[in-house]
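Scroll down for the structure; my scribbles are underneath it.
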Amino acid sequence: MTHDDANPLPDALRMTSPAPLVDIGANLTHESFAKDLDAVLERARVAEVATLILTGTDLVHSEQAAALAHRHDGLYATAGLHPHMASHWDAPLGSAMRALHADAKVVAVGECGLDFNRNFSTPTEQERAFEAQLGLAVESGLPLFLHERDAGPRMRDILRHWRDDIGNAVVHCFTADRETLHGYLDLDLHIGLTGWLCDERRGHHLRELVGDIPATRLMVETDCPYLLPRNLPAKLKGRRHEPALLPWIVREIAHWRGESEASLAASTTATARRFFQLDEEH
Ligand SMILES: [Zn+2]
693 MTHDDANPLP DALRMTSPAP LVDIGANLTH ESFAKDLDAV LERARVAEVA
743 TLILTGTDLV HSEQAAALAH RHDGLYATAG LHPHMASHWD APLGSAMRAL
793 HADAKVVAVG ECGLDFNRNF STPTEQERAF EAQLGLAVES GLPLFLHERD
843 AGPRMRDILR HWRDDIGNAV VHCFTADRET LHGYLDLDLH IGLTGWLCDE
893 RRGHHLRELV GDIPATRLMV ETDCPYLLPR NLPAKLKGRR HEPALLPWIV
943 REIAHWRGES EASLAASTTA TARRFFQLDE EH
């Protein structure tokens, strides 16, 4: 009883996926998860979201994500510098990232990329940090976890230049238009979808596009604690997004792709396991 009372999810939000899911973008090192991380992971497990890729956004959070992944089966990490922080890129940071990429629990380089929406770092700084991390991906042989906002054409130019040298790459939290999507698919990139298409203010255009993504290139993510789906069937106190809510996003995407939740769950999980080269038993 006490345990149940501590669960902040109302009954309508306690969902279980018909097949195991991989959340490829969970910011579990965010301070909002500091107090109840074990309970968050347990709710995710009950929802059939037992495999999580923790997003590293700078050195401290990448190190924390890797450490967390070592403490829990089914958790993995990325290591990279987010474009917002690109002004901090320098050689010592590059060396520290290179060391992290050799860690067995670190399964991708990133998140890295371009964000011309807010330009917290200048475009020049962003491109410098991004190209350095593309180099680290070539060195390590790891796939790339890419962030792009309002920078599609420039992102495509840079990736076209690097395409033959880098391996697999996923544009996480894709939110752009059809032309940008097909540009990425033409470059053999993977696409990560969040609950953005649940947002009636800015995401409904994605509903028409998600069917264009081949199942072998599509993965799903919460990007929690950010991007709580706006059309959840119940209100959530605190409005913190968490991995246990991923089944709702998969249900929405499946609906707009015209396929079953079970088939989308199975294909996105198979794609994620192949993409991040995850061990079978986890
Ligand atoms: Zn991002």
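So the mapping is simple: the working numbering equals the position in the sequence shown, first residue as 1, plus 692.
Using N, Cα and C, we set each Cβ at its ideal position, and we do this for glycine too.
Check, Outcome
"Can you grab the Cα-Cα spacing for the pair D971 / R965, in whole Å?", "8 Å"
"Is E882 near ligand 1 - that is, is its Cβ less than 7 Å away from at least one heavy atom of it?", "Here residue 882 turns out to be His, not Glu, going by the sequence shown. For ligand 1, not one heavy atom lies less than 7 Å from the Cβ of H882."
"Keeping to the same chain, check which residues put their C-beta closer than 7 Å to that of A758; ignore five residues upstream and five downstream.", "A769, A771, L792, D795, K797, V798"
"Can you find a heavy atom of ligand 1 that lies under 7 Å from the Cβ of E803?", "yes"
"So the candidates are G805, L828, I745, L877; which of them puts its Cα closest to the Cα of S787?", "L828"
"Are there any heavy atoms of ligand 1 lying less than 7 Å away from the beta-carbon of H933, as far as the coordinates show?", "no"
"On the DSSP bridge list, what partners appear for R841?", "D807"
"How big is the Cα-Cα spacing for G859 and P845?", "20 Å"
"Given R855, which residues of its chain have a CB within under 7 Å of its CB, disregarding the five upstream and five downstream residues?", "L879"
"Identify which residue in E803, M777, L924, L851 has its Cα closest to the Cα of G884.", "E803"
"How about C865: is its Cβ closer than 7 Å to a heavy atom in ligand 1?", "yes"
"Rounded C-beta distance between A868 and P710? I'm assuming under 8 Å.", "About 30 Å separates the two Cβ atoms, so there is no contact after all."
"Restricting to Cα atoms, I'd like to know which of S813, A861, V801, G895 is closest to E944.", "G895"
"Suppose the cutoff is 6 Å on Cβ atoms and the five residues either side in sequence are ignored; what does the same chain contact list for P715 look like?", "It is worth fixing the name first, because residue 715 is Asp in this sequence and not Pro. Contacts found: V741, L744, E913, T914, P935, L938."
"Compare the C-alpha of A821 against each of L910, H776, V732 and name the closest.", "H776"
"Excluding sequence positions up to five away, which residues of its chain have a Cβ less than 6 Å from the Cβ of E817?", "A778, S779"
"For V942, report the span of its alpha helix (DSSP H) as first-last.", "938 to 949"
"Report the start-end ranges of each alpha helix (DSSP H) in the segment 711 to 788 that is 4 residues or longer and not cut off at the edges.", "729 to 738, 751 to 763"
"Please check the pair P917 and R932, which I expect to be a contact at CB under 8 Å, by giving their CB distance rounded to whole angstroms.", "5 Å"
"Between T886 and L919, is the Cβ-Cβ spacing less than 8 Å?", "yes"
"How about H882 and V862: do their beta carbons lie closer than 8 Å?", "yes"
"Taking 7 Å as the cut-off, is the CB of H780 close to at least one heavy atom of ligand 3?", "Ligand 3 is absent from the structure shown, which contains only ligand 1."
"Between which two residues does the alpha helix (DSSP H) containing L873 stretch?", "870 to 878"
"Our contact map puts W948 next to G903 with C-beta atoms below 8 Å; I'd like the distance itself, whole angstroms only.", "7 Å"
"By the DSSP assignment, the beta strand (DSSP E) with L885 in it spans what residues?", "882 to 885"
"Can you find the residues in the same chain that come closer than 7 Å, C-beta to C-beta, to D728, ignoring five residues on each side of it along the sequence?", "none"
"Using DSSP with H/G/I as helix, E/B as strand and the rest coil, what is A861?", "strand"
"So, at 6 Å on beta carbons, what are the nonlocal neighbours of D857 in its own chain, with the 5 sequence-adjacent residues on each side left out?", "V830"
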